[in-house]
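See below for the structure under consideration.
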Amino acid sequence: MSNLLQRWFTGTHTPALNGGLALPRNKQGLPNGNRIRCLEVPSTVFIPLTNYHHDALHPHVQVGDEVQCGDALAEGVIASVGGRVIDIASRPIIHPSGLSVPCVEIATDKSCEYPRPVHAPQKQLTLERLALCGIQGLGGAGFGTAGKFSAALQTHGAITTLVINAVECEPVISCDEALMMTEAAEIVDAIQALIRMSDCKRCLLAIENDKDQALSVLTTLLQARGMEQSVELCALSPIYPSGAERPLIERLTGQCLPPGSPPSQIGVVCINVATALAAWRAQQGHPMVSRIVTVAGEHAAHATNVRVTFGTTVAEVLRQTGNDDMAVKSRVRAGGPLSGFDLHRLDVPVTATTNCIAVEPVRQPALSLPCIRCNACSDVCPVKIMPQQLHWFAAKDDLQQSARYRLMDCIECGCCDAVCPSSIPLTQTFRYAKGLHRAEQSKQRLAAESEERFRLREQREAERTAAREQKRKAAQARLAERSDPITDALSRIRNRKKSGASQQSSTPATSSARTRNSAGPNNEDTPE
Amino acid sequence: MISTALAILVFIAIVAAAGVALAWLSDTDSTDNQDSPDDAPKSEQQLIEAVNNLLPQTQCAQCGHPGCRPYANAIVQANAPINQCPPGGDSLIRDLASYLGKDVIPLNTQFGESKPSQLALIDEATCIGCTLCIAACPVDAIVGASRLMHTVIASQCTGCELCLPPCPVDCISLIPEPVTLNRWHWPRPA
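In order, the protein sequences belong to chains H and Z.
Position in the first sequence (first residue = 1) + 133 = the numbering used here.
Position in the second sequence (first residue = 1) + 1 = the numbering used here.
As structure tokens, this is what we get:
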């Protein structure tokens with residue numbers, strides 16, 4: 134009801150976010166008129182051989198191979214620099230688990246070909262080009278961009294709405310804002326190229342209304358290009374987590390996303406503004422080899438936004454930005470203060486999903502107290518689940534009840550944690566229960582597959598046994614038909630003896646021998 | 002007087018309408034309940050199917066039956082004890098007990114101990130390519146050919162241990178299932 138009234142009275146067409154938090158923005162290190170600094174490419178880079186689904190990928194290169202910038206190292210993984218492959222070994226990557234995955238280690242030849250285009254420029258952007266240039270989401274999840282478009286085309290038939298997500302709602306992170314302040318003209322070109330490629334009916338550019346400079350530059354540019362009709366600029370109030378994909382799409386399009394299904398189901402493609410720019414660069418022939426990373430946090434000596442080549446280690450980024458001294462006695466996080474996680478070590482390579490490196494003071498986790506049923510978590514939940522109820526079931530591993538309380542709809546934004554007066558680790562519990570749910574599902578899938586293979590094997594064995602049995606029976610029958618030479622000889626001798634004894638009854642004796650022969654191996658005389 | 006009578010009549014009409022509506026609603030409600038799977042009586046085949054779905058499908062035959070479905074058959078038809086499946090362990094016994102309305106009993110260790118999930122690993126240098134393990138694997142998770150090296154398809158191995166006894170050179174070992182990125186999940190908060 135409040136949404137409806139707001140729409141009537143303010144004339145905006147975007148309903149407010151359900152719940153959410155108005156957090157202090159704390160955006161540091163914005164460029165303020167300068168260009169964004171590109172960090173030096175280190176002497177070695179590490180490219181993890183994994184993808185959005187965390188599959189282990191088979192490398193297309195061997196140790197000792199020379200690679201060019203933009204070459205495919207594995208399916209969907211490209212080399213961010215040119216040089217020689219000196220090792221393919223397991224290394225820790227930026228992941229909350231701290232686990233290791235195989236990484237390609239490339240010794241950089243300093244003639245890095247960026248920004249010279251690697252591929253020929255295109256007149257019209259294609260999905261093949263996006264895949265070739267290794268374009269993946271720079272918003273945080275790292276889903277393949279070509280995959281998003283083709284999924285929408287496959288499941289919905291057409292792309293109805295293209296959402297360019299420039300809502301960077303989490304405190305501290307400012308890489309997208311820095312990009313919009315410095316490269317707005319290219320972003321507008323990128324949006325134009327993507328509209329032409331996707332042939333979408335509607336294009337929405339979502340941005341927060343407190344990003345004054347970026348907003349004004351983009352508005353002016355869109356008007357100057359005559360694109361204010363084709364691109365709807367949606368200025369949203371800066372509430373965390375306005376930029377989360379699912380709630381954002383539901384607010385902007387007014388359509389409800391079915392639980393568990395991606396936005397492509399309703400023909401919506403939502404891409405980050407930095408990804409859009411990378412797609413446009415791909416059209417010009419540049420593979421995606423770097424991204425802007427915010428280096429900030431309470432303990433950061435020099436908060437800044439820098440362009441980092443993929444495969445540069447976090448330690449190297451901190452060193453080049455002058456934050457390495459502070460990092461020693463602080464806790465370094467990947468991602469923002471709410472959705473990020475602590476890094477176990479600093480020699481992990483930056484990838485497309487690393488939007489922020491935060492240097493934060495070491496804090497003891499707050500002591501968790503019992504729930505006082507204040508309902509504050511429910512009020513701030515942007516996806517309208519009831520964390521205080523769900524928590525009981527999730528903590529007790531009750532997956533069935535958790536599913537009824539919409540565990541899998543949780544976007545892990547951390548709003549409930551931020552408001553809980555008892556400091557209950559709600560988001561962490563939901564992450565745990567979601568992991569348990571996925572593990573259970575994959576166990577069931579494996580069980581179903583094993584059963585199917587077992588059934589097929591049984592069937593095959595049964596067929597083989599039946600065939601063998603049939604063969605045996607056929608052989609037996611053949612044996613039965615064939616007259617046995619020994620029996621023949623014996624009966625001949627017997628006949629001869631009989632004929633010798635009584636000459637006159639020779640004819641009946643021969644006939645009886647013949648009948649005996651035809652009886653075959655079952656005959657009592659046969660020494661079978 | 003007339004207005005009073007009218008009022009009473011209107012009142013009766015409302016009550017009657019409400020009564021009819023309630024009766025209709027409760028009717029539809031009860032049919033809904035009958036459709037729900039929990040209340041419907043189950044045929045033996047459905048029961049076997051459900052029990053089979055609860056079993057871990059390792060096809061290890063440790064329960065004494067030649068596979069999981071035969072054990073499901075035995076549980077439903079021959080009233081076999083529900084504590085004979087070591088891979089399923091205590092959680093399976095709980096699930097079976099609650100589904101079949103039986104008592105929770107401890108795992109019968111005669112049939113084996115419950116172990117964490119494991120994978121078979123062939124030492125490829127020692128393997129002589131005899132194909133005996135391929136024949137023994139109940140889920141076709143070993144590939145190879147005669148006199149050529151064999152290997153286990155890790156994603157399809159159920160860790161049933163049935164390949165161990167036939168191996169003439171003892172080149173198969175069981176390793177705990179490694180934690181990979183797509184198998185990892187967040188730990189329970191402390």
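We put the beta carbon where it would ideally sit given N, CA and C, even for glycine.
Quantities reported herein were computed from a predicted structural model and do not represent experimental measurements.
If we count the other Cβ atoms within 10 Å of its Cβ and call it buried at 16 or more, is residue i buried or exposed?
| i | result |
| --- | --- |
| Asp-33 of chain Z | With a pLDDT of 48 at Asp-33 of chain Z, under the threshold of 50, the modelled position of this residue cannot be trusted, and the question is left open. |
| Ile-3 of chain Z | exposed |
| Ser-37 of chain Z | Per-residue confidence for Ser-37 of chain Z stands at a pLDDT of 47, beneath the threshold of 50, marking its modelled position as unreliable; the derived number appears in the next sentence. So Ser-37 of chain Z counts as exposed. |
| Gly-130 of chain Z | exposed |
| Ser-651 of chain H | Caution applies to Ser-651 of chain H, whose pLDDT of 46 falls short of 50 and renders its modelled position unreliable; the value that the coordinates give is listed next. Its Cβ having fewer than 16 others within 10 Å, Ser-651 of chain H is exposed. |
| Ile-176 of chain Z | exposed |
| Lys-517 of chain H | exposed |
| Thr-437 of chain H | buried |
| Trp-413 of chain H | buried |
| Leu-7 of chain Z | exposed |
| Gln-35 of chain Z | Below a pLDDT of 50, predicted positions are generally treated as unreliable, and Gln-35 of chain Z, at 46, falls in that range; the measurement from the model is reported next regardless. Gln-35 of chain Z should be labelled exposed. |
| Ser-639 of chain H | Unreliable positioning characterises Ser-639 of chain H in this predicted model, as indicated by a pLDDT of 47, which lies under 50. The coordinate reading is nonetheless provided below. Per the 10 Å Cβ criterion, exposed. |
| Leu-93 of chain Z | buried |
| Trp-25 of chain Z | exposed |
| Gln-116 of chain H | Any answer about residue 116 of chain H is impossible in this case: the structure gives chain H only from 134 up to 661. |
| Ile-79 of chain Z | The residue asked about is misnamed: residue 79 of chain Z is Ala in this sequence, not Ile. Under this definition Ala-79 of chain Z is an exposed residue. |
| Gln-574 of chain H | exposed |
| Pro-618 of chain H | exposed |
| Arg-564 of chain H | buried |
| Pro-188 of chain Z | exposed |
| Pro-660 of chain H | Legend: pLDDT at Pro-660 of chain H = 43, less than 50; position of this residue unreliable, value from coordinates given subsequently. Exposed, because fewer than 16 other Cβ atoms sit within 10 Å of the Cβ of Pro-660 of chain H. |
| Ser-99 of chain Z | exposed |
| Leu-10 of chain Z | exposed |
| Ile-15 of chain Z | exposed |
Mind reading off the beta-carbon distance from residue i to residue j? Whole number of angstroms is fine, and I expect it under 8 Å.
| i | j | result |
| --- | --- | --- |
| Pro-304 of chain H | Asn-159 of chain H | 5 Å |
| Pro-98 of chain H | Gly-444 of chain H | Residue 98 of chain H is absent from the structure shown; chain H starts at 134 and stops at 661. |
| Val-218 of chain H | Val-237 of chain H | 6 Å |
| Ala-528 of chain H | Leu-540 of chain H | Not confirmed; about 12 Å, so no contact. |
| Gly-112 of chain Z | Pro-87 of chain Z | The question names Gly, but residue 112 of chain Z in the sequence shown is Phe. Going by Cβ atoms, the distance from Phe-112 of chain Z to Pro-87 of chain Z rounds to 6 Å, so yes, they are a contact pair. |
| Leu-678 of chain H | Ala-317 of chain H | Outside the shown range of chain H, which is 134 to 661, sits residue 678 of chain H, and nothing can be said about it. |
| Cys-86 of chain H | Ile-557 of chain H | For chain H, the structure presents residues 134 to 661; residue 86 of chain H sits outside this window and is missing. |
Determine the contact status of residue i and residue j, defining contact as a CB-CB distance below 9 Å.
| i | j | result |
| --- | --- | --- |
| Met-334 of chain H | Ala-291 of chain H | Note that residue 334 of chain H corresponds to Lys in the displayed sequence, not to Met. Closer than 9 Å, so yes. |
| Cys-308 of chain H | Pro-374 of chain H | no |
| Ser-463 of chain H | Arg-440 of chain H | no |
| Ala-326 of chain H | Gln-416 of chain H | yes |
| Ala-240 of chain H | Ile-372 of chain H | no |
| Ile-180 of chain H | Ser-213 of chain H | yes |
| Gly-197 of chain H | Ala-485 of chain H | no |
| Gly-468 of chain H | Ile-324 of chain H | no |
| Leu-390 of chain H | Cys-336 of chain H | no |
| Gly-267 of chain H | Gly-209 of chain H | yes |
| Pro-164 of chain H | Thr-446 of chain H | no |
| Ile-297 of chain H | Ile-404 of chain H | yes |
Taking Cβ-Cβ distances shorter than 8 Å, what residues in chain H pair up with residue i?
| i | result |
| --- | --- |
| Asn-183 of chain Z | His-186, His-187, Asp-188 |
| Gln-47 of chain Z | By Cβ distance, chain H contributes nothing, its closest Cβ being about 17 Å from Gln-47 of chain Z, past 8 Å. |
Give the interface partners of residue i over in chain Z, defined as CB-CB distance under 9 Å, in chain order.
| i | result |
| --- | --- |
| Tyr-565 of chain H | His-186, Trp-187, Pro-188, Arg-189, Pro-190 |
| Gly-568 of chain H | Trp-185, His-186, Trp-187, Pro-188 |
| Ala-572 of chain H | Arg-184, His-186 |
| Pro-558 of chain H | Pro-190, Ala-191 |
Please list, in chain order, the chain Z residues whose beta carbon lies closer than 8 Å to that of residue i.
| i | result |
| --- | --- |
| Ala-284 of chain H | Simply none; closest approach about 20 Å. |
| Thr-183 of chain H | Leu-182 |
| Leu-126 of chain H | Residue numbering for chain H in the displayed model covers 134 to 661; residue 126 of chain H lies beyond these limits and cannot be assessed. |
| Pro-229 of chain H | Trp-187 |
| Gln-561 of chain H | Trp-187, Pro-190 |
So with CB distances below 9 Å, who are the chain H contacts of residue i?
| i | result |
| --- | --- |
| Cys-69 of chain Z | Ala-580, Ser-583, Glu-584, Phe-587 |
| Thr-59 of chain Z | Ala-580, Ser-583 |
Hey, would you say the C-beta of residue i is under 8 Å away from at least one heavy atom of the ligand HEM?
| i | result |
| --- | --- |
| Ile-226 of chain H | The ligand HEM is absent from the structure shown, which contains no ligands of any kind. |
Residues of chain H with a CB under 7 Å from the CB of residue i: which are they?
| i | result |
| --- | --- |
| Asp-141 of chain Z | Arg-586, Arg-590 |
| Thr-159 of chain Z | Ser-583 |
- Message: Contact between the segment 128–140 of chain Z and the segment 55–71 of chain Z is defined here as three or more beta-carbon pairs at a separation below 8 Å; is this criterion met?
- Response: With a cut-off of 8 Å, the segment 55–71 of chain Z and the segment 128–140 of chain Z count as touching, because enough Cβ pairs lie within range.
- Message: Closer than 8 Å is the cut-off here; do at least three beta carbon pairs connect the segment 183–203 of chain H with the segment 397–407 of chain H?
- Response: With the cut-off at 8 Å, the segment 183–203 of chain H and the segment 397–407 of chain H do not touch.
- With contact counted as at least three CB pairs below 8 Å, one residue from each stretch, are the segment 464–475 of chain H and the segment 336–352 of chain H in contact? Taking 8 Å as the limit for Cβ pairs, the verdict is that the segment 336–352 of chain H does not touch the segment 464–475 of chain H.
- Please confirm if the segment 578–590 of chain H is in contact with the segment 553–563 of chain H, defined as three or more CB-CB distances below 8 Å between the two stretches. With a cut-off of 8 Å, the segment 553–563 of chain H and the segment 578–590 of chain H do not count as touching, because too few Cβ pairs lie within range.
- Message: Could you check whether the segment 615–635 of chain H touches the segment 101–108 of chain Z, counting it as contact only if at least three pairs of C-beta atoms, one from each stretch, sit closer than 8 Å?
- Response: They do not touch, by the three-pair rule.
- Count the CB pairs spanning the segment 148–159 of chain Z and the segment 120–129 of chain Z that are closer than 8 Å, and state whether there are at least three. Contact holds: three or more Cβ-Cβ distances are below 8 Å.
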